[in-house]
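Below: one structure, written as C-alpha cells.
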Amino acid sequence: MDYRQLGRTDVQVSALCLGTMTFGQQNSEAEGHAQMDYAAAQGINIFDAAEIYPVPPKPETQGRTESIIGTWLQQRRARDKVLIATKVAGRTKMHWLRKDGSLGRQSRAHIVEAVEASLARLKTDYIDLYQLHWPDRPMRVFEGLDYVHLVGDGHPIEEILGVLGELVRQGKIRFVGLSNETPWGTMTFLNASEILGLPRIASIQNAYNLVNRSFETGLSEIFYREQVSLLAYSPLGQGYLSGKYEGGALPSGSRKTLFNRLGRYEIGNGPQAISAYVALARKYGLDPAQMAIAFAASRPFATSTIIGATTMDQLKTDIAAGAMTLNDAVLADIENTHLTFPNPCP
Ligand SMILES: NC(=O)c1ccc[n+]([C@@H]2O[C@H](COP(=O)([O-])OP(=O)(O)OC[C@H]3O[C@@H](n4cnc5c(N)ncnc54)[C@H](OP(=O)(O)O)[C@@H]3O)[C@@H](O)[C@H]2O)c1
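Take 20 as the starting number for the sequence shown in the numbering used here and just add one per residue.
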C-alpha cells in the first residue's frame, strides 16, 4: 500500500480508503467488521463515514454506520492505529438528523450537535478528518456538470470555519475537509482560514471516476497550488464501471437492484461510455472494476481513493487494484474514450 500526505498536514493516508456507507444497510455489523479487519491488514489506514449513513439515508437506520465502526474500534482496541473520517450534512430536508427536528444546516448548533453524536456513535473522543458533506449554501449537488445559481442564503463560510476551529481547539476534531465542493467554495474556505487564522482545509471529497473527471477542470489546480487533497469517491460509479449492469442485467443484492436510485449513470452518453470502458478493460485482459480503481488511484491529485464493497470478494478485488499499474496503451485508450465521452455522469 502506498501512503500519501493529507493536504498540508503531517499525516500520511493510504492510497485507498475504505468507504463504509453500506454498513448497517447492505452489510451487517459482522460483515462491516470483517471488511475493516481485512482492509486494515492490507494497509488501509483510513475509513470514511458520515452522520447520515448508511445509504439510502433513512431515519430508522441513520447513524448505524458510525456505530458499527465504533464497536470495531472498541473491540479491536484500534483507535490509535487508524484514521476516522466522517461528515456533517449540509443544507438538507432530512428533518430526523437533529434532536429538535429542524432541517439540517451547518449552523453552529447543528455542527456541534452532529460532532457530539458522531463521537458517541464512534466511541471515540476525536475524529481525525471532519468533512462538510455538501455545501450549506443553496446549490445543486450530486447532479449536473454546470453550475446552476440558486438564490438564497447560507451560513457564511467564515462562521462555519469558526465553529470547526473551536472543535479543533477542543481536540474533538483534528483536521477539516470539504465534500461535493466547487473551486469557489474551496478557495473561499482557504482564504478565510488564512485571514482569520482558522483551520486550513486539508481535503476535498468529490466523486471521481472514468465517467466523471470533472475534478480535473478546476479543482485539480487547487490541489497542485494549495495542496488540498482529493479523496475520490465512487471510483466504480457506484458499481456501474465493474460492468455488472451491462445489457440491462440486475444482479441480485446489488445497489441498483435494491434501491434503483442511480440515475446519474444512465443519462445521456453514460451507458455508452460505461460500455466502452468495460470493453476497453476486457480488450487488455483487465477486470473492469480493477481498471477503474487503478485509474483513479493513479491520478497524482487523488491522495486517497475511497472504495466500497458489499462482499469480501469485491473488497479483495478492489484492494488488489490499488497496487496495479496501467500501461501506456491502456491509459492512451482511456484518454481517447474520455475525449469521445467527456464526463457523461457528473
Ligand atoms: N461525499 C459523498 O457525497 C459520497 C458519496 C458517495 C460515496 N461516498 C464515500 O465513498 C465510498 C465509496 O463510494 P461508492 O460505494 O459509491 O464507491 P464505488 O466503488 O463507486 O461503488 C462501490 C459499490 O460497487 C459494487 N462493487 C464494488 N466492488 C465491486 C466489484 N469488484 N465488482 C462488482 N461490483 C462491485 C458494490 O455495490 P453492490 O454490491 O451493491 O453492487 C459496492 O458497494 C462510500 O462508502 C462513502 O464513504 C461519499
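Ideal Cβ placement from N, Cα and C applies to all residues, glycine included.
Bridge partner(s) assigned by DSSP for residue i
i	result
D67	G38 and A104
T324	L35 and A251
L151	V107 and L197
Q125	DSSP, once it has assigned bridges, lists no residue as partnering Q125.
S192	Contrary to the premise, residue 192 reads as Ile rather than Ser in this sequence. Per DSSP, I146.
N210	Bridge partners of N210: none, in fact.
N228	N231
S271	Answer by DSSP bridge pairing: none, since S271 is not bridged.
S222	G196 and S248
Alpha carbon of residue i to alpha carbon of residue j, nearest angstrom
i	j	result
F320	T205	15 Å
T14	L215	The structure shown does not extend to residue 14, since the chain is modelled only from 20 through 365, so no value can be given for it.
R244	L151	22 Å
M158	V170	9 Å
E265	L281	14 Å
D144	P73	22 Å
V247	P78	33 Å
V131	Q291	45 Å
P254	S323	11 Å
D165	T39	29 Å
A68	L350	31 Å
A49	A211	43 Å
L183	L217	8 Å
L186	Q81	23 Å
L25	V32	6 Å
K112	P76	11 Å
A58	D337	10 Å
Buried or exposed (CB count within 10 angstroms, at least 16 for buried), residue i
i	result
M310	buried
P307	buried
G327	buried
N64	buried
R27	exposed
Y227	buried
S121	exposed
D119	exposed
V167	exposed
H129	buried
I179	buried
E200	buried
E85	buried
I286	exposed
T236	exposed
R283	buried
Whole-Å CB distance - residue i paired with residue j, under 8 Å assumed
i	j	result
C364	N231	5 Å
G313	F360	The amino acid at residue 313 is misidentified as Gly; the sequence shows Ala. No, A313 and F360 are not in contact; Cβ-Cβ is about 19 Å, not under 8 Å.
G173	R110	7 Å
L260	L229	6 Å
A223	S198	Here the sequence assigns Ile to residue 223, which means Ala is not the residue at that position. Right, their Cβ atoms sit about 7 Å apart.
K100	L138	In fact, because the Cβ distance is near 18 Å, the residues do not count as touching under 8 Å.
R83	G43	3 Å
L37	A316	Contact flag wrong, Cβ pair sits at about 13 Å.
Continuous alpha helix (DSSP H) stretch holding residue i: start and end
i	result
S86	R83 to R95
I179	I176 to R188
Q309	P307 to A316
N346	Unbroken run through N346: none, as it is neither H nor E.
A339	M331 to A340
H52	E48 to A60
Opening and closing residue of the beta strand (DSSP E) in which residue i lies
i	result
I286	Counting along the chain, I286 falls outside any beta strand (DSSP E), and DSSP gives it neither H nor E.
Y22	Y22 to Q24
Ligand 2 heavy atom lying under 7 Å from the CB of residue i
i	result
Y252	Absent from the structure shown: ligand 2. Ligands present: ligand 1.
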